Amino acid sequence: MDDRHERTRLLYPERALERLRQSTVLIAGLGGVGSWAVEALSRSGIGTLILLDYDRISASNMNRQLFALESTLGRFKCEVAKERIHDIDPEIRVITLNERLDKGEADRLFDKLGSIDYVVDAIDHLDGKIDLLISATRRHIPVISSMGMGNRRDPSQLSIACLSKTHTDPFARIIRQRLRKESVEQLKVVFSKETPTVPQNAGAIGSTPVVPPVAGFLLASEVIRDLTLAETFSSAHEPDA
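See the structure below:
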């Protein structure tokens with residue numbers, strides 16, 4: 214029998230895979246980071262994926278975004294992502310939200326969506342990002358957030374940490390300051406320890422095809438680890454029959 218999760222099953226007990234099948238994950242932002250997080254979560258067997266992004270694919274996305282192809286230019290990222298997910302695993306439930314999350318809208322979003330097991334934040338505009346993080350935290354929804362990945366060249370400098378432990382990242386510093394005012398102190402993030410390069414074209418943000426995808430995979434790996442931790446740990450400590 215064809216089993217798309219055969220190799221995953223060699224590393225995780227069946228109840229861990231069942232936990233993934235029963236889980237709902239919201240991925241906010243389907244760009245250079247979020248698109249790769251979607252890819253990993255799709256191939257891991259997450260049962261329901263909620264995709265949030267208002268943007269269309271453009272030529273400037275081609276160097277780093279998974280969904281950006283000559284054949285997809287001009288299409289909504291959510292639509293292309295849904296097609297790809299179902300090509301990977303038709304059984305995954307996919308909910309698409311072609312909308313921009315602006316300040317003050319996250320509570321409405323969560324009220325509409327209902328139960329969510331995990332939030333992956335890969336939004337790059339500040340107000341929507343902050344609002345999403347505050348709302349998820351106050352609702353006690355597990356969340357992991359991507360910090361600044363632009364103007365970096367070295368993927369080996371990426372790390373998972375608490376937001377309070379980040380450094381060398383101006384974007385993370387702004388988020389840290391704004392969340393502190395809202396009494397949000399504990400937040401798991403992926404950040405880069407690399408000093409950002411200043412592009413020759415001041416005001417533009419440079420990117421590579423290697424840093425954002427690694428950030429996306431780190432986000433996804435932490436989601437999978439957290440969702441399956443109890444099942445994987447208990448299985449590893451069960452006595453042999």
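My numbering puts the sequence shown at residues 214 to 454. Glycine is no exception: its CB is placed at the ideal position from the N, C-alpha and C atoms. All of these numbers come straight from a predicted model, not from anything done at the bench.
Using C-beta distances below 6 angstroms, list every residue in its chain close to residue i, excluding the 5 sequence neighbours before and after it, in chain order.
{"i": "Ala319", "result": "Asp344, Leu345 and Ser348"}
{"i": "Thr350", "result": "Val397"}
{"i": "Val332", "result": "Leu239, Ala349, Ile354 and Val356"}
{"i": "Ala253", "result": "Phe430 and Ala433"}
{"i": "Gly247", "result": "Ile240 and Ala335"}
{"i": "Val251", "result": "Ile240 and Ala294"}
{"i": "Thr410", "result": "Asn364"}
{"i": "Arg391", "result": "Ile343"}
{"i": "Leu224", "result": "none"}
{"i": "Pro412", "result": "Gly419"}
{"i": "Ala281", "result": "Ile270, Asn274 and Met275"}
What residue range is occupied by the uninterrupted beta strand (DSSP E) comprising residue i?
{"i": "Arg277", "result": "Premise fails: Arg277 is in no beta strand (DSSP E) and is neither H nor E."}
{"i": "Ala241", "result": "Thr237 to Ala241"}
If residue i and residue j are in contact, beta carbons under 8 angstroms, what's the gap, nearest whole angstrom?
{"i": "Ala335", "j": "Ile240", "result": "7 angstroms"}
{"i": "Ala428", "j": "Ser359", "result": "5 angstroms"}
{"i": "Phe289", "j": "Asn274", "result": "Actually they do not touch by this definition, with Cβ atoms about 12 angstroms apart."}
{"i": "Thr445", "j": "Ala229", "result": "5 angstroms"}
{"i": "Val307", "j": "Leu376", "result": "Val307 to Leu376, Cβ: 29 angstroms. No contact."}
Can you tell which of the options has the C-alpha that lies nearest to the C-alpha of residue i?
{"i": "Lys295", "options": "Thr309, Asp340, Ala253 and Ile418", "result": "Thr309"}
{"i": "Gly361", "options": "Ser372, Arg351 and Leu282", "result": "Ser372"}
{"i": "Ser434", "options": "Asp340, Leu233 and His338", "result": "Leu233"}
{"i": "Ile305", "options": "Arg256, Ala272 and Arg313", "result": "Arg256"}
{"i": "Arg220", "options": "Gly258, Val307 and Asp382", "result": "Gly258"}
{"i": "Thr237", "options": "Leu264, Arg217 and Leu223", "result": "Leu264"}
{"i": "His338", "options": "Gly242, Val423 and Leu282", "result": "Gly242"}
{"i": "Gly363", "options": "Leu282, Trp249, Asp302 and Arg277", "result": "Arg277"}
{"i": "Gly244", "options": "Gly260, Val436 and Tyr267", "result": "Tyr267"}
{"i": "Arg352", "options": "Phe323, His380, Thr421 and Asp340", "result": "Phe323"}
{"i": "Thr441", "options": "Thr261, Ser328 and Pro226", "result": "Pro226"}
{"i": "Ile154", "options": "Lys394, Arg393 and Phe384", "result": "The displayed coordinates of the chain run from 214 to 454. Any statement about residue 154 would go beyond what the structure contains."}
{"i": "Asp439", "options": "Val424, Lys401, Asn414 and Pro425", "result": "Lys401"}
{"i": "Gly260", "options": "Lys394, Gln235, Leu279 and Val423", "result": "Gln235"}
{"i": "Leu314", "options": "Ala272, Ala281 and Lys342", "result": "Lys342"}
{"i": "Asp300", "options": "Arg217, Gly287, Leu326 and Arg321", "result": "Arg217"}
{"i": "Arg366", "options": "Ala374, Ser420, Arg393 and Ala443", "result": "Ser420"}
{"i": "Gly317", "options": "Leu279, Asp340 and Leu326", "result": "Asp340"}
{"i": "Pro426", "options": "Leu326, Ala272 and Val403", "result": "Val403"}
{"i": "Gly287", "options": "Leu279, Ile298 and Ala272", "result": "Ala272"}
Grab me the residues of residue i's own chain with a C-beta within less than 8 angstroms of its C-beta, minus the 5 sequence neighbours each way, in chain order.
{"i": "Gln370", "result": "Ser405, Lys406 and Glu407"}
{"i": "Ile298", "result": "Val251, Ser255, Leu262, Ile305 and Val307"}
From the DSSP output, read off the bridge partner residues of residue i.
{"i": "Leu310", "result": "Leu265"}
{"i": "Ala428", "result": "In DSSP, Ala428 forms no bridge with anything."}
{"i": "Ile357", "result": "Val333 and Lys401"}
{"i": "Ala443", "result": "Its beta-bridge partners do not exist; DSSP assigns none."}
What first and last residue would you give for the alpha helix (DSSP H) that runs through residue i?
{"i": "Val293", "result": "Lys290 to Ile301"}
{"i": "Leu371", "result": "Leu371 -> not in any alpha helix (DSSP H); beta strand (DSSP E) instead, spanning Leu371 to Cys375."}
{"i": "Glu395", "result": "Element bounds for Glu395: n/a, residue is neither H nor E."}
{"i": "Leu223", "result": "Note, Leu223: premise wrong, no alpha helix (DSSP H); not H, not E."}
{"i": "Glu407", "result": "Premise fails: Glu407 is in no alpha helix (DSSP H) and is neither H nor E."}
{"i": "Arg351", "result": "Leu339 to Arg351"}
{"i": "Arg256", "result": "Gly247 to Arg256"}
{"i": "Ala319", "result": "Ala319 to Leu326"}
Who are the near neighbours of residue i in its chain, counting only those whose CB is closer than 7 angstroms to its CB and skipping five residues on each side?
{"i": "Thr159", "result": "With the chain running from 214 to 454 in the structure shown, residue 159 is simply not present."}
{"i": "Val436", "result": "Val238, Leu254, Tyr331, Val333 and Ile357"}
{"i": "Val423", "result": "Pro368"}
{"i": "Arg222", "result": "Leu230"}
{"i": "Val399", "result": "Sequence inspection shows Gln at residue 399; the Val mentioned does not correspond to that position. Closer than 7 angstroms at the Cβ level, and outside the excluded window around Gln399, lie Cys375."}
Can you check whether the C-beta of residue i is within less than 8 angstroms of a C-beta belonging to chain D?
{"i": "Gly317", "result": "Checking the listed chains, one finds no chain D in this structure; it contains a single protein chain."}
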